[in-house]
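Colleague: I have a structure I would like to understand better, so I am pasting it below and will then ask my questions one at a time.
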Amino acid sequence: MLGDYKNYEPIIYRQMKNILNKNLSHAYLFDMNHNIYAEDMVLAFVKSILCKEHATKEEYDNCAKCKRIDDGNYQELKKIYPDGQFIKKEQLDELQKNFNTKPLESNYRIYIIYEAEKLNASAANSLLKFLEEPSFGIIAILLTNSVNSVLSTIVSRCQILKFSNNKIQDFIKNYNITDEVTLYKLSFTVFGISDKNNIEQYHRDFLDSVIKFINFYESKGIKSIIYEKEIFLDKFKEKKEIFNFFEFLILFYRDVINYKLSRNIMYFDDYEKLLNTVSLGNSVEKILNKVNILIKKQKLLKNNINTNMLLDSLIIDMENN
Ligand SMILES: [Zn+2]
371 MLGDYKNYEP
381 IIYRQMKNIL
391 NKNLSHAYLF
401 DMNHNIYAED
411 MVLAFVKSIL
421 CKEHATKEEY
431 DNCAKCKRID
441 DGNYQELKKI
451 YPDGQFIKKE
461 QLDELQKNFN
471 TKPLESNYRI
481 YIIYEAEKLN
491 ASAANSLLKF
501 LEEPSFGIIA
511 ILLTNSVNSV
521 LSTIVSRCQI
531 LKFSNNKIQD
541 FIKNYNITDE
551 VTLYKLSFTV
561 FGISDKNNIE
571 QYHRDFLDSV
581 IKFINFYESK
591 GIKSIIYEKE
601 IFLDKFKEKK
611 EIFNFFEFLI
621 LFYRDVINYK
631 LSRNIMYFDD
641 YEKLLNTVSL
651 GNSVEKILNK
661 VNILIKKQKL
671 LKNNINTNML
681 LDSLIIDMEN
691 N
């Protein structure tokens, strides 16, 4: 829900609200600036266009349309990722073919281009044509962390929105943190601790257990089911703790992708060796799969569910993909 980000990113929140209240233009370029909320916030913005702005969390949770958007089953939304090093012309041709007809489910159709700086010349040309002859109802959303590398012909045709600097980096700089960087970053993001002195042994133990679990799971695979209780569940039983455990894992596997694609490490700076090992043992697709499964299982925690069984099924599902 867009409102969730009101206090985190007030400026861009206001800009998005303005856009939603006025006429939408046909192309937006988001300078993500490595901001931790950027991707989720853009998706919330997209949902506000395709569905509506839900006033309450309950209403949002019960919305079948938003659920399908989240699950990637909504045909008026297409996401384009780089295919290897570049975004290729064929990917945009395919998109234009798909978007040739009138939208069925919404007044709008949206395509999101991730890492827009990776549009190669011919793909950019194809996109330019698409942008220059905007069909009614089609909205382009381009995302990038390096806006200066996006072709200027494309930038000039988009409305640009810039996220603020990464706040974790501010936190790290502010307290001059050079040791245990991962611990501080994760505590800041997941536990919401913004005062360095509030980090306790509990948070250290939590991170240690997560790392132990990853080590175990990545080397033993399905057999780690036997040990998960000993490693994690005996120490951290609360639902909120399990939720955070999933959050740590999601951020870890996202960092494995960052590592694999030679991008900046967001959280696990102190665990390069582990990132390397896991990166060698998994393809990008496999890691993306793990992240998706983790996100799905994490959502299930909202229901009344047996956490032991949830963890078992997590490992089984991750191994079956
Ligand atoms: Zn909805």
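Sequential numbering from 371 applies to the sequence shown in this note's numbering.
Even glycine gets a Cβ: it sits at the ideal position worked out from N, Cα and C.
Could you tell me the alpha carbon to alpha carbon distance between ASN388 and MET679, rounded to whole angstroms?
Modeller: If I take the Cα positions, the gap works out to 45 Å.
Colleague: Report all residues from its chain with a CB closer than 7 Å to the CB of TYR378; omit the five preceding and five following residues, and keep chain order.
Modeller: TYR407
Colleague: Which same chain residues end up closer than 8 Å to ILE450 when comparing Cβ atoms and leaving out the 5 residues on each side of it in sequence?
Modeller: Around ILE450: ILE457, GLN461, LEU462, LEU465, TYR481, ILE482, ILE483, TYR484.
Colleague: Leaving out the 5 sequence neighbours to the left and right, which residues in its chain are closer than 8 Å to LEU658 when beta-carbon positions are compared?
Modeller: ILE627
Colleague: Just to confirm, does TYR641 get its C-beta within under 7 Å of one of the non-hydrogen atoms of ligand 3?
Modeller: Among the ligands present in this structure, namely ligand 1, ligand 3 is not found.
Colleague: At the level of alpha carbons, what is the spacing between VAL517 and ASP401?
Modeller: 6 Å
Colleague: Are VAL661 and ASN614 close, meaning C-beta to C-beta below 8 Å?
Modeller: no
Colleague: Taking the alpha helix (DSSP H) that ASP441 belongs to, which residues open and close that run?
Modeller: Start and end: 434 to 441.
Colleague: Go through its chain and collect everything with a Cβ distance to VAL520's Cβ below 6 Å, but skip five positions before and after it.
Modeller: Only ALA486, GLU487, THR514 meet the Cβ criterion.
Colleague: For LEU403 versus PHE533, is the C-beta distance shorter than 8 Å?
Modeller: The question names Leu, but residue 403 in the sequence shown is Asn. Yes.
Colleague: Relative to the alpha-carbon of ILE595, which residue among LYS566, LEU501, LYS467, ILE686 has its alpha-carbon at the smallest distance?
Modeller: Per the Cα distances, ILE686.
Colleague: Closer than 7 Å: is that where the CB of LYS417 sits relative to any heavy atom of ligand 1?
Modeller: yes
Colleague: With distances taken from each beta carbon to the nearest heavy atom of ligand 1, which residues come in below 5 Å, in chain order?
Modeller: In chain order, the residues positioned with their C-beta nearer than 5 Å to some heavy atom of ligand 1 are CYS421, CYS433, LYS435, CYS436.
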